[in-house]
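Chains A and B are the protein sequences, given in the same order.
Each residue of the first sequence is one higher than the one before, counting from 1 in my numbering.
Each residue of the second sequence is one higher than the one before, counting from 314 in my numbering.
A quick write-up on the structure given underneath.
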Amino acid sequence: MKWMTPRRGGLALLLVLVLALPLVLVNNYWYEVAIQIGLNAVVCVGLNLLIGYAGQISLGHAGFFGLGAYGSAILSSHYGLPAALAIVLTNVGVALLALLVGRPILRLKGNYLAMATLGMGVIISIAIVTEDKLTGGPDGMSVVPLALFGQPLTGELLWYWLVAFTLVAAVALALNLIDSPIGRALRALNGSEVGASVCGIDATRAKVGIFVISAVFASFAGSLMAHYSGFITPGKASFFHSIELVAMVVFGGMSSTFGAVIGAAALTLLPQLLTVLKEYEMVVFGAVMMLTMIFFPRGFLPSLMLLLARIRK
Amino acid sequence: MAAQLTQFLLTGLTVGAIYALVALGFAIIYNASHVINFAQGEFVMVGGMVTVSLIHAGLPLLAAIALAVLAAAAVGMALEHFAIEPARGASPVTLIIITIGASILLRGLATLVWDKKLHNVPSFSGEAPIQIGGATILPQSLWVVGISLLIMFLLGRFFGRTLIGKAILATSYNPMAAQLCGINVRFMLFLSFGLSAALGAVAGILIAPITLTSWDVGVMLGLKGFAAAILGGLGSGVGAVLGGLILGIAESLGAGYISSAYKDAIAFVIILAVLFFMPNGLFGKHGLDRV
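Here it is, written out as structure tokens:
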């Protein structure tokens, strides 16, 4: 048995990258960007399981991210729960919610599924903006820092390692899942749902399962984001953020876990680089999104792999 | 009580007619190309904003409206030609991302060409409210409903009676067969985008005197138009119109009787509730899987 499979090689590469990155992060600003990339990447790895492997679109995942962020923010800041407990409770809550809505939603197909997930996301986002007594409304709310054993976790470096560890764990989990019987069932579903059902795969159960997992990935990243940045605004739960997340997955390359990480990195960095363009930021962001999709419809990583394979020939 | 109900119904009908026009735009593009065009709301914005600019430049209202509709149609055709056509055969998600990229690009351009302020288009015929059974209605609302009805009638004639309309329908049923019959399929796609953009622009111009217009007016209108199209069953013209009217009236009733803070959420609650029980919308065909 070969021990150096592409999967382990990729994971090793990610590990080296994460360990080496602090060498080039010159100041707190770049640590902040790296942490943002890491959190977005966690969401995208989960979302990619749903979109890339199970073939089910979600245009509402920012809703779960927002629930994760606001849930643990409200429990810890308003009700005085320890932040770590608040995070656990929130994510269990989101998992249950995803399980509840997942069943009826995932019966839908294609554009109807897109509509339902979009609607769910928009409802969550409107609720966050409207319930201003709890959430601070459009102005956002401040969040108490995460504490472990009475020690508050603050500082960019500490959070960098925490997020890096979460990302590596998320990627390892996703890779394992993909090669497990559940993962194979999902890929079969993506190929042909009827065909998979005939082979004895419980289609709804597999889809709902992966929906719950991807929702928890998003909400966990949301919780971490809230306690890291100490302040959250409803923008992170908006339809636009849902779209950004899907764009990251598609940009990096659907059905490629490492592609999802690359997509998250690219589309988190892009607005940072575009801030120098000031008022042209939106125009360039939109144009880049369109052009990459027109010229690399499979996404960045699969296109790169294809190119490499062609060169090797 | 009755007066209040009439008021809500009239308001709902006005908004619903706008949703119906946007939903028709979604349906036409979906039928022709199987693309969900998330830039549909931006056509609404372009229509309203161009009208504002042309009126400021001194053009009479009617000329400004006509030119704004043409401008939006040109934007729609450009979208088809430069973004959708080169990406043909890409997966639906990829196409969705392309149209979303286009909507961000168009909104960005709008902030550059115009600004981030609210703008007003003058009412077509005065501001004096009209009394109907204890409820009041703006003259502009009558224009909205009247012109929407006229457009729906004309669209029906266009698709049912004209050669081009029938060619577009043929293209949506079966592009390959349409091509073999000598229909220029690519040109029909091009036309569909233009037509759909023009419809969006008309909606944007009609509603602008009531709700004002701005660079981001298309976001919510686009999403609700999509909801209306899905509610009626994607691709069905009658369904899109009914879906729009149902959403508009439900939203107005909900905002009046339940909660005005959650007004924007009502459309999405309804669409979720309907999809849970009728996965193909109210009037959609039941999909069968071919194995």
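We treat Cβ as the ideally placed atom computed from N, Cα and C, and that holds for glycine.
Smallest Cα separation from residue 98 of chain A: which of A:80, A:233, A:209, A:234? Counting from one through the first sequence, the residue named residue 98 of chain A turns up at place 98. When each option's Cα is compared against that of residue 98 of chain A, the closest is A:209.
Close-in-space but distant-in-sequence residues of the same chain around residue 407 of chain B (CB under 8 Å, 5 per side omitted): In the second sequence, counting from the first residue as 1, residue 407 of chain B sits at position 94. Taken in chain order, the residues that qualify are 400.
By the 7 Å beta-carbon criterion, what residues does the region 275 to 295 of chain A contribute toward chain B? 279, 282, 283, 285, 286, 287, 289, 290, 293, 294
How would you list, in chain order, the residues of chain A whose beta-carbon sits under 9 Å from the beta-carbon of residue 405 of chain B? On the second sequence, residue 405 of chain B is found 92 positions in, with the first residue counted as 1. Within chain A, the residues near residue 405 of chain B are 57, 110, 111, 114.
Taking the straight line between their C-alpha atoms, what separation do you get for residue 42 of chain A and residue 248 of chain A? The residue given as residue 42 of chain A occupies position 42 in the first sequence. The residue given as residue 248 of chain A occupies position 248 in the first sequence. So the alpha carbons of these two residues sit roughly 11 Å apart.
Around the Cβ of residue 494 of chain B, are there at least 16 other Cβ atoms within 10 angstroms (buried) or fewer (exposed)? On the second sequence, position 181 is the one that residue 494 of chain B refers to. Flag for residue 494 of chain B reads exposed.
Just verifying my parser: in three-state terms, what is the DSSP assignment at residue 526 of chain B? Start at 1 with the first residue of the second sequence, and residue 526 of chain B comes out as number 213. Residue 526 of chain B: strand per DSSP, three-state reduction.
Are the region 389 to 399 of chain B and the region 545 to 561 of chain B touching, with three or more C-beta to C-beta distances below 8 Å? no
Check whether the region 191 to 198 of chain A and the region 8 to 16 of chain A are in contact - that is, three or more C-beta pairs closer than 8 Å. no
Proximity test, Cβ basis, 8 Å: residue 141 of chain A and chain B: Working through the first sequence from its first residue, we reach residue 141 of chain A at position 141. Chain B contact via Cβ: absent.
Under the three-state reduction of DSSP, which class applies to residue 56 of chain A: helix, strand or coil? Counted from its first residue, the first sequence places residue 56 of chain A at position 56. In the structure shown, residue 56 of chain A falls within a coil segment according to DSSP collapsed to helix, strand and coil.
Residues that DSSP places opposite residue 78 of chain A in a beta bridge: In the first sequence, residue 78 of chain A corresponds to position 78, counting from 1. DSSP output for residue 78 of chain A lists no bridge partner at all.
Please classify residue 17 of chain A: does DSSP put it in a helix, a strand, or coil? As a first step, residue 17 of chain A must be located in the first sequence, where it is residue number 17. Helix at residue 17 of chain A.
Any beta carbon from chain B within less than 8 Å of residue 119 of chain A's own beta carbon? Stepping through the first sequence from its first residue, residue 119 of chain A is reached at position 119. Yes, because at least one Cβ of chain B sits closer than 8 Å to the Cβ of residue 119 of chain A.
Cα-Cα separation between residue 343 of chain B and residue 436 of chain B, rounded to whole angstroms: The count along the second sequence starts at 1 and reaches residue 343 of chain B at position 30. The count along the second sequence starts at 1 and reaches residue 436 of chain B at position 123. For residue 343 of chain B and residue 436 of chain B, the distance between alpha carbons rounds to 32 Å.
Starting from the beta carbon of residue 400 of chain B, find every residue of chain A whose beta carbon is closer than 8 Å, and list them in chain order. As a working mapping, residue 400 of chain B is identified with position 87 in the second sequence. Within 8 Å Cβ-Cβ: 293, 294, 297.
Using C-beta distances below 8 Å, list every residue in its chain close to residue 587 of chain B, excluding the 5 sequence neighbours before and after it, in chain order. For the purposes of this step, residue 587 of chain B is identified with residue 274 of the second sequence, where counting begins at 1. Taken in chain order, the residues that qualify are 544, 594, 595.
Under the three-state DSSP convention, the category residue 347 of chain B falls into: Locating residue 347 of chain B in the second sequence gives position 34, where the first residue counts as 1. DSSP places residue 347 of chain B in coil when its eight states are reduced to three.
Please report the distance separating the alpha-carbon of residue 88 of chain A from that of residue 215 of chain A. For the purposes of this step, residue 88 of chain A is taken as residue 88 along the first sequence, with counting starting at 1. For the purposes of this step, residue 215 of chain A is taken as residue 215 along the first sequence, with counting starting at 1. Taking the Cα positions, residue 88 of chain A is about 14 Å away from residue 215 of chain A.
Going along the chain, which residues of its own chain have a beta-carbon closer than 8 Å to the beta-carbon of residue 298 of chain A, five neighbours each way excluded? Here residue 298 of chain A refers to the residue found at position 298 of the first sequence. Cβ within range, chain order: 253, 254, 306.
For residue 152 of chain A, which of helix, strand or coil comes out of DSSP? Mapped onto the first sequence, residue 152 of chain A falls at position 152. When secondary structure is reduced to three states using DSSP, residue 152 of chain A falls in the strand class.
Using a Cβ cut-off of 7 Å, which residues of the region 498 to 522 of chain B contact any Cβ in chain A, in chain order? none
Out of A:189, A:283, A:289, which has the shortest C-alpha to C-alpha gap to residue 263 of chain A? Counting from 1 along the first sequence, the entry for residue 263 of chain A is found at position 263. Of A:189, A:283, A:289, the residue nearest in Cα terms is A:289.
Length of the line joining the Cα atoms of residue 227 of chain A and residue 159 of chain A: Residue mapping note: residue 227 of chain A aligns to position 227 of the first sequence, counting from 1. Residue mapping note: residue 159 of chain A aligns to position 159 of the first sequence, counting from 1. Cα atoms of residue 227 of chain A and residue 159 of chain A: separation of roughly 10 Å, rounded to the nearest angstrom.
Could you give the distance in angstroms between the alpha-carbon of residue 52 of chain A and the alpha-carbon of residue 256 of chain A? The residue you call residue 52 of chain A lines up with position 52 of the first sequence. The residue you call residue 256 of chain A lines up with position 256 of the first sequence. About 7 Å.
Identify every residue that forms a DSSP beta bridge with residue 450 of chain B. Stepping through the second sequence from its first residue, residue 450 of chain B is reached at position 137. Answer by DSSP bridge pairing, in chain order: B:443.
Per DSSP, cross-strand counterpart(s) of residue 432 of chain B: Counting from 1 along the second sequence, the entry for residue 432 of chain B is found at position 119. Residue 432 of chain B pairs with B:526.
Got a sec, what are the start and stop residues for the alpha helix (DSSP H) residue 378 of chain B sits in? Stepping through the second sequence from its first residue, residue 378 of chain B is reached at position 65. Run containing residue 378 of chain B: 374 to 392, per the alpha helix (DSSP H) assignment.
Where residue 571 of chain B and residue 473 of chain B are concerned, what is the direct C-alpha to C-alpha distance, given to the nearest angstrom? Counted from its first residue, the second sequence places residue 571 of chain B at position 258. Counted from its first residue, the second sequence places residue 473 of chain B at position 160. Rounded to the nearest angstrom, the two C-alpha atoms are 41 Å apart.
Return no unless some Cβ of chain A is closer than 8 Å to the Cβ of residue 350 of chain B. For the purposes of this step, residue 350 of chain B is identified with residue 37 of the second sequence, where counting begins at 1. No, residue 350 of chain B does not count as interfacial toward chain A.
Do you know whose CA, among A:58, A:179, A:147, lies nearest residue 315 of chain A's CA? The requested residue 315 of chain A does not occur in the structure, where chain A is confined to residues 1 to 313.
With DSSP as the reference, label residue 105 of chain A as helix, strand or coil. Here the question's residue 105 of chain A lines up with position 105 in the first sequence. In this structure, DSSP gives residue 105 of chain A a helical state, which the three-state scheme calls helix.
Just checking my contact of residue 115 of chain A with residue 584 of chain B at CB under 8 Å: how many whole Å lie between their CB atoms? Position 115 of the first sequence holds residue 115 of chain A. Position 271 of the second sequence holds residue 584 of chain B. That belief holds up - the Cβ atoms of residue 115 of chain A and residue 584 of chain B are roughly 6 Å apart, short of 8 Å.
What are the start and end residues of the alpha helix (DSSP H) that includes residue 190 of chain A? Here residue 190 of chain A refers to the residue found at position 190 when the first sequence is read from its first residue. Taken as a continuous stretch (DSSP letters only), the alpha helix (DSSP H) holding residue 190 of chain A covers 181 to 191.
Taking 8 Å as the cut-off, decide whether the C-beta atoms of residue 590 of chain B and residue 119 of chain A are in contact. In the second sequence, residue 590 of chain B corresponds to position 277, counting from 1. In the first sequence, residue 119 of chain A corresponds to position 119, counting from 1. Contact: no.
Report buried or exposed for residue 236 of chain A, applying the criterion of at least 16 other Cβ atoms within 10 angstroms of its Cβ. Taking the first residue of the first sequence as 1, we reach residue 236 of chain A at position 236. The residue in question, residue 236 of chain A, is buried, as its Cβ has 16 or more Cβ neighbours within 10 Å.
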